[in-house]
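Worksheet: one structure, shown below.
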Amino acid sequence: MKKYQALFTIRFSSGLQYRAAALGGIATQFAWGFMELLAFLAFYKANPGAYPMEFSQTVSYIWLQQAFLALFMTWFYEQDIFETITSGAVAYELVRPIDLYNRWFCHSAANRLARAVLRCFPILLVAFIVPEPLRMSLPPDLGQFGLFMISVPLSLGVVVAFTMLVYISVFFTLSPIGVRIVAALLADFLAGGIVPLPFFPDVVRGVVEILPFAAMQNMPLRIYSGHISGAAAVRGLFLQAFWFVILVVLGKLWMKLALRRAVVQGG
Amino acid sequence: MIELKGISKSFRVAKREAGLKEAVKALFARQHETVHALQDVSFTIGDGEMVGYIGPNGAGKSTTIKIMCGILHPDSGGCVINGRVPWRDRVAHVRDIGVVFGQRSQLWWDVPVADSFALLKDIYKVSDADYRRSLSELTELLDLKELLKTPARSLSLGQRMRCELAASLIHDPKILFLDEPTIGLDAVSKIAVRQFIKKLNQERGTTVILTTHDMQDIEALTERIILIGKGRILLDGSLQELKRRSASQKRITFEYNGPEPSLPAGTKVIERGPHRLVIELEKEWLSVSEAIAQISAQVDVVDISVTGMSAEEMVAQLYREYAL
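Chains A and B, in that order, give the protein sequences. Residues in the first sequence are numbered consecutively from 11, following my numbering. Residues in the second sequence are numbered consecutively from 1131, following my numbering.
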């Protein structure tokens, strides 16, 4: 365990170095968050009753999404992992007494956390002081907040386990671009990254809500505002745990296959 | 103890002729070609040995090393290192080995070298006491004191290679694989690296397997060489043997005044010019001093130099012999 801790620490601390990138990210996320909220506000003003979420719930959803973007974004990948595979430097990873899947999992989770820590506080601070109706509200009660706190790490786990599959695919395709773009866009859409899942048409929603993508940001962001609560929330956590386990097992098996057939590139 | 028996490995490589037409054709029917990287490779290396593994580019050196490190699975054949099959028992196996790939880096680019070392310490679960001892020893032997606080990206190639060596030895491995450790280094750094490897082998008794294109590395370090070409082992013997085989081929260069001398029996002309003659001794019964005596009896010799065959030439000759 200590080795993973060490790997986590070195990645986390090097992720904290990039202050300018964090500032840029914060600015982008403010702009994006406001824009989205203003668009939603216009819709809600036209017909407040026509939407599946209350406006205040949508507001919390979007602010949290922007604050914790680094944890949940499905389109963010570790460039060094891709390079390690395509350049053949993976040879050095394989002469270490450590499981490669766990090592990369740790690496990406650490980087996402480091980025989130740098970005979330200023965004949350502003989200709580902007004037109504754009102000973010507190969760309905402490229990709900507790569920939210369990759901966040589970989401992170599902997202990282998903990106691991994209990394492993590079052993076979040698170019990350194709798989990465398709996977990233599709996953972002189906996870509720563009429009929250409750806004999807009913027919589609029935299917989408049980996919692994629904176990990503969809859960914690809706649990926070109480849109999913009580037994439904607990079921949600189980869905997340289920997909987390499935994706990890799938990834590990696939990794094993990839390494058996691996060709280390470049001599 | 390293034992390889009948290891074979082939890769499938996509191939096509140059040109747009062929590229379009390859969209529909991809042509593959099987490259036999290793064919029936067998050898045994004992504990504490230092072995030079040589061969031209693409001969299969790195593939063999990667199989011995547990990175690649061979198609057939067996390999047992210290009682383990590397690729089947990878995690346990790699704890006992250290590897330096001369063309890659194992140091974290953005952080000071010492941080990379500390991380390796945790990955290999080295105890604090062992780590301190190992690090101070390596720091002294490789002169790393000034380098430890520097991020890897700001090191020169020679400095980096010294750090790479240290990084691969923090966990005190029993076997060290060096894949072209002196590639691109200047003369001073090369000598430092060689001295260190030699010391390591003598003092810690580490088994060292070295691949290189630099024959001076081989001359300075290894007793035994294994020559591989086109995926097969061609020669496995001592460097001394190889040297003895070609030692009789001494070359003598004369600068002289006077008419062209006649050649002593048992010699061959390599080069003949006005006032210059280069001969090679072909027969063992003719000694260098005898040949010199015979020539200088005929002409007024101004300058003489005698050269043996360098290891470089010996290997080039071997490659030619085996048509590699």
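C-beta: ideal position from N, C-alpha, C; glycine also. None of the values given here were measured: they were computed from a predicted structure.
Q) What residues from chain B crowd round Ala99/A, counting only those whose CB sits closer than 7 Å? A) Contact annotation for Ala99/A against chain B: Arg1234 [CB-CB distance below 7 Å, chain order].
**Q.** Straight-line gap, Ile1348/B to Ile1355/B (C-alpha atoms, nearest Å)
**A.** Cα to Cα, Ile1348/B sits roughly 8 Å from Ile1355/B.
**Q.** Contact residues within the segment 202-236 of chain A, judged by C-beta distance below 9 Å to chain B
**A.** The residues in question: there are none.
Q | Length of the line joining the Cα atoms of Ala1317/B and Met1198/B | A | When only Cα atoms are considered, Ala1317/B and Met1198/B end up about 30 Å apart.
Q: Closer than 7 Å, Cβ to Cβ, to anything on chain A: give me those residues from the segment 1183-1198 of chain B, in chain order.
A: Against chain A - using a Cβ distance shorter than 7 Å - the residues of the segment 1183-1198 of chain B are Ser1192 and Lys1196.
Q) How would you write the range of the alpha helix (DSSP H) that Thr1352/B sits in, first residue to last? A) Careful: Thr1352/B lies outside any alpha helix (DSSP H) and carries neither H nor E.
Q) Residues of chain B with CB under 7 Å from Val168/A, in chain order? A) Contact note: Val168/A does not reach chain B at a C-beta cutoff of 7 Å; the least C-beta distance is about 27 Å.
Q. Taking 9 Å as the CB-CB limit, is Arg13/A close to chain B?
A. One detail in the question is off: residue 13/A reads as Lys in this sequence, not Arg. So, interface residue.
Q | DSSP bridge partner residues for Met1079/B (one or two, in chain order) | A | Residue 1079/B cannot be examined here, being either before or after the span of chain B that is shown, 1131 to 1454.
Q: In angstroms with no decimal places, state the Cα-to-Cα distance between Val140/A and Pro230/A.
A: Using only the alpha carbons, I get a separation of about 22 Å.
(Q) Give me the subset of the segment 1291-1304 of chain B whose CB atoms are less than 8 Å from a CB atom of chain A, sorted by chain position. (A) Per Cβ criterion, the list is empty.
Q. Is the Cβ of Ser1138/B closer than 9 Å to any Cβ of chain A?
A. For Ser1138/B, the answer is no, since every Cβ of chain A falls outside 9 Å of its Cβ.
Q) Hey, how far is the Cα of Trp1238/B from the Cα of Ala60/A? A) Their Cα atoms are separated by approximately 54 Å.
Q) So which residues on chain A does His1203/B lean against when the C-beta distance must stay under 7 Å? A) What His1203/B touches in chain A: Arg270.
Q: Measure the C-alpha to C-alpha separation of Lys262/A and Gln1370/B and round it to an integer number of angstroms.
A: Computed Cα separation, rounded: 49 Å.
Q) Taking Cβ-Cβ distances shorter than 8 Å, what residues in chain A pair up with Ile1253/B? A) In chain order: Lys13, Ala16, Leu17, Arg106, Pro107 and Ile108.
(Q) Give me the DSSP bridge partner(s) of Asp1366/B. (A) Ile1356/B.
Q. At which residues does the beta strand (DSSP E) containing Phe86/A begin and terminate?
A. Annotation for Phe86/A: no beta strand (DSSP E) segment contains it, and DSSP assigns it neither H nor E.
Q) Expressed to the nearest angstrom, what Euclidean distance is found between the alpha-carbon atoms of Arg1220/B and Gly240/A? A) Going from the Cα of Arg1220/B to the Cα of Gly240/A covers about 47 Å.
Q: Below 6 Å CB to CB, which residues in the same chain sit around Gly167/A once its five sequence neighbours on both sides are set aside?
A: Listed in chain order, the non-local C-beta contacts of Gly167/A below 6 Å within the same chain comprise Phe254, local neighbours out to five positions each way being set aside.
Q. Which chain B residues sit within Cβ distance under 8 Å of Ser24/A?
A. Within chain B, the residues near Ser24/A are Trp1238, Asp1240 and Val1241.
Q. With respect to the alpha helix (DSSP H) encompassing Val168/A, which residues constitute its N-terminal and C-terminal limits?
A. Residue range Leu152 to Thr183 is occupied by the alpha helix (DSSP H) that includes Val168/A.
Q. Sorted by chain position, which residues of the same chain lie with C-beta nearer than 7 Å to Asp1245/B's C-beta, five sequence neighbours on each side aside?
A. Cβ-Cβ distances below 7 Å link Asp1245/B to Trp1238 in the same chain, with the five nearest sequence neighbours on each side left out; the list follows chain order.
Q) CA-CA distance, Tyr177/A and Ala77/A? A) Distance between the alpha carbons of Tyr177/A and Ala77/A is about 26 Å.
Q. Hey, Arg209/A and Pro58/A are a contact pair by Cβ (cut 8 Å); roughly how many whole angstroms apart?
A. According to the sequence shown, residue 209/A is Phe rather than Arg. So it is not a contact: roughly 15 Å between Cβ atoms.
Q.
What residue range does the beta strand (DSSP E) around Gly1136/B cover?
A. First-last of the beta strand (DSSP E) with Gly1136/B: Ile1132 to Lys1145.
Q: Would you kindly check if the distance between the Cβ of Gln227/A and the Cβ of Ser179/A is under 9 Å?
A: No; because the gap between Cβ atoms is not below 9 Å, this pair is not in contact.
Q. So is Leu81/A in contact with chain B if we call contact Cβ pairs under 9 Å?
A. Chain B places no beta carbon closer than 9 Å to that of Leu81/A, leaving this residue out of the contacts.
Q: For Gln89/A, decide whether its Cβ has a neighbour in chain B, counting only Cβ atoms nearer than 9 Å.
A: No, no contact with chain B.
Q: Say whether chain B places a C-beta atom closer than 9 Å to the C-beta of Tyr102/A.
A: Output row for Tyr102/A: interface = yes.
Q: At 8 Å on the CB atoms, spell out the chain A contacts of Phe1231/B, in chain order.
A: Going along chain A in sequence order, the residues near Phe1231/B (Cβ under 8 Å) are Ala101 and Tyr102.
Q. Which whole-angstrom value is the C-beta distance of Thr1342/B and Ile1184/B, which I expect to be below 8 Å?
A. About 7 Å separates the CB atoms of Thr1342/B and Ile1184/B; that is less than 8 Å, so the two are in contact.
Q: Spell out whether any CB of chain A is found under 9 Å from the CB atom of Leu1365/B.
A: False, the Cβ-Cβ gap to chain A never drops below 9 Å.
Q. Is DSSP giving Thr1312/B helix, strand or coil here?
A. Of the three classes helix, strand and coil, the one that applies to Thr1312/B here is coil, per DSSP.
Q | Three-state class that DSSP yields for Cys1209/B in the structure shown | A | Under the three-state reduction of DSSP, Cys1209/B is assigned to strand.
Q | Status (buried if at least 16 other CB within 10 Å, exposed otherwise) for Leu1268/B | A | Leu1268/B should be labelled buried.
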